[in-house]
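Asker: The structure under discussion is supplied below as structure tokens; questions concerning it will follow.
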Amino acid sequence: MNILVAGATGYLGRYLVNTLLADGQQVRVLVRDASKLTGAGPYHSPKIDPNSVDVFEGDLTKPASLEGVCSGIDVVISAAGLTRNSYGHSFHDVDYLGNKHLLEEAERAGVQKFTYIHVLHGEQTDAGILKAKIKFCEELKQSSLPSVIIRPTGYYSDLTNVLDLAASGWMFLVGDGQARMNPIHGKDLAAFTVHHALHSTGMFDVGGPRVYTYDEIALLALRVHGKKERVMHLPAQPILVIAWLLKYVQPHKADLIKFFVLSMLTDGIGERFGDEDLETFFHQYAQSEESGEWT
3 MNILVAGATG
13 YLGRYLVNTL
23 LADGQQVRVL
33 VRDASKLTGA
43 GPYHSPKIDP
53 NSVDVFEGDL
63 TKPASLEGVC
73 SGIDVVISAA
83 GLTRNSYGHS
93 FHDVDYLGNK
103 HLLEEAERAG
113 VQKFTYIHVL
123 HGEQTDAGIL
133 KAKIKFCEEL
143 KQSSLPSVII
153 RPTGYYSDLT
163 NVLDLAASGW
173 MFLVGDGQAR
183 MNPIHGKDLA
193 AFTVHHALHS
203 TGMFDVGGPR
213 VYTYDEIALL
223 ALRVHGKKER
233 VMHLPAQPIL
243 VIAWLLKYVQ
253 PHKADLIKFF
263 VLSMLTDGIG
273 ERFGDEDLET
283 FFHQYAQSEE
293 SGEWT
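Convert by adding 2 to the 1-based position in the sequence shown; the result is the number in the numbering used here.
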């Protein structure tokens with residue numbers, strides 16, 4: 003099949019492209035800057051050989067640049083979304099409007115299916131990143147196109163923030179640390195997404211092979227660094243007040259803080275899937291930060 007991957011130079015996008023190629027699919031990638039394909043990706047995600055894919059340069063925030071991107075495409079997979087305020091756009095601009103522009107192109111081209119990477123429990127906060135994703139999912143559900151919505155619990159790559167903090171010898175968690183989640187590696191999430199994009203429709207919640215409490219993740223991060231098990235629990239309300247004040251000067255950062263707090267207070271458990279181990283990932287990441295090479 004002919005598959006379009008949006009967000010192909012991001013962490014998950016790179017795994018999606020390589021998983022599709024290994025499965026024998028024909029892949030087109032939508033990217034703002036094709037030169038980023040050949041470099042190492044975020045959190046050591048794999049490179050993409052530009053000779054193995056059809057490269058389409060366009061910007062989701064500029065609808066005119068997307069004209070023809072879905073021509074001849076059977077299935078669209080969008081992992082496009084804003085993780086940091088890197089080029090002057092908001093979550094609404096990219097996660098909602100950008101994906102909406104792509105969906106409109108897909109509808110015009112008559113693609114068979116549109117797959118979108120959402121997030122688990124997005125409806126439980128007013129953080130902008132989640133409001134934008136939810137709003138796009140509503141658009142997708144109303145579309146004439148069959149759709150797949152994948153809701154991962156959280157990525158191993160997100161937990162590198164915990165691992166980085168553990169290097170200091172102290173861990174600080176919001177809440178009592180007993181909320182549970184089964185985070186997932188990008189490679190496993192890509193395999194799950196590709197399977198459903200090709201063979202299913204509907205909404206699917208997914209996580210990795212093991213369920214942890216946040217306390218267990220924090221203690222694991224400390225052990226990887228050879229540190230004592232010292233974890234402090236912080237009340238959520240003062241941090242949310244800081245986020246509320248921050249929204250007037252740095253709304254992007256305020257939204258990320260709200261998302262961070264929600265994650266530590268809410269169970270996030272999806273279908274257990276995959277083989278990649280969190281402890282192994284932590285060790286590889288910690289060693290790579292020291293040596294500059296991924297083992």
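Built from N, CA and C at the ideal position, the CB exists for glycine as well. It should be emphasised that the depicted structure is a prediction, and the values quoted were computed from it without experimental measurement.
Below 7 Å, is the gap between the Cβ of residue 19 and the nearest heavy atom of the ligand COA?
Answerer: By its list of ligands, the structure shown contains no ligand whatsoever, and the ligand COA lies outside what it can speak to.
Asker: Are there 16 or more other CB atoms within 10 angstroms of the CB of residue 13, so buried, or fewer, so exposed?
Answerer: By the 10 Å Cβ count, residue 13 comes out buried.
Asker: Could you tell me which of 281, 20, 139 sits nearest to residue 212, measuring between CA atoms?
Answerer: Checked all of 281, 20, 139; the closest Cα to residue 212 is 281.
Asker: Nearest CA to the CA of residue 97: which residue from 108, 81, 111?
Answerer: Cα-wise, what sits closest to residue 97 is 81.
Asker: Using a Cβ-Cβ cutoff of less than 8 Å, which residues in the same chain neighbour residue 165 once the five nearest sequence positions on both sides are dropped?
Answerer: Once the five neighbours on either side are set aside, the close Cβ partners of residue 165 are 223, 226, 227, 284, 287, 288.
Asker: Suppose contacts are defined by Cβ-Cβ distances below 8 Å. Is residue 108 in contact with residue 139 by that definition?
Answerer: No.
Asker: Spell out the partners DSSP gives residue 235 in its beta bridges.
Answerer: According to DSSP, which records beta bridges pairwise, residue 235 is partnered with 175.
Asker: Among all the DSSP beta bridges, which residues are the ones paired with residue 117?
Answerer: Per DSSP, 79, 150.
Asker: Could you give the distance in angstroms between the alpha-carbon of residue 236 and the alpha-carbon of residue 171?
Answerer: The straight-line gap from Cα to Cα measures roughly 17 Å.
Asker: Per DSSP, which one or two residues make a beta bridge with residue 157?
Answerer: The partner list for residue 157 (beta bridge, DSSP) reads 186.
Asker: Hey, quick one: how far does the beta strand (DSSP E) through residue 69 stretch, first residue to last?
Answerer: Neither: residue 69 is in no beta strand (DSSP E) and is coded neither H nor E.
Asker: Do you know offhand how far residue 117's Cα is from residue 253's?
Answerer: Rounded to the nearest angstrom, the two C-alpha atoms are 29 Å apart.
Asker: Looking at C-alpha atoms only, which residue of 208, 37, 66 is the closest neighbour of residue 120?
Answerer: The residue with the shortest Cα to Cα distance from residue 120 is 208.
Asker: Return the CA-CA distance between residue 111 and residue 101, expressed in angstroms with no decimal places.
Answerer: Cα-Cα distance, rounded: 15 Å.
Asker: Pick helix, strand or coil for residue 28, following the three-state DSSP scheme.
Answerer: Strand, per DSSP.
Asker: On the three-state DSSP scale, how would you describe residue 8?
Answerer: Residue state, collapsed to three classes: strand.
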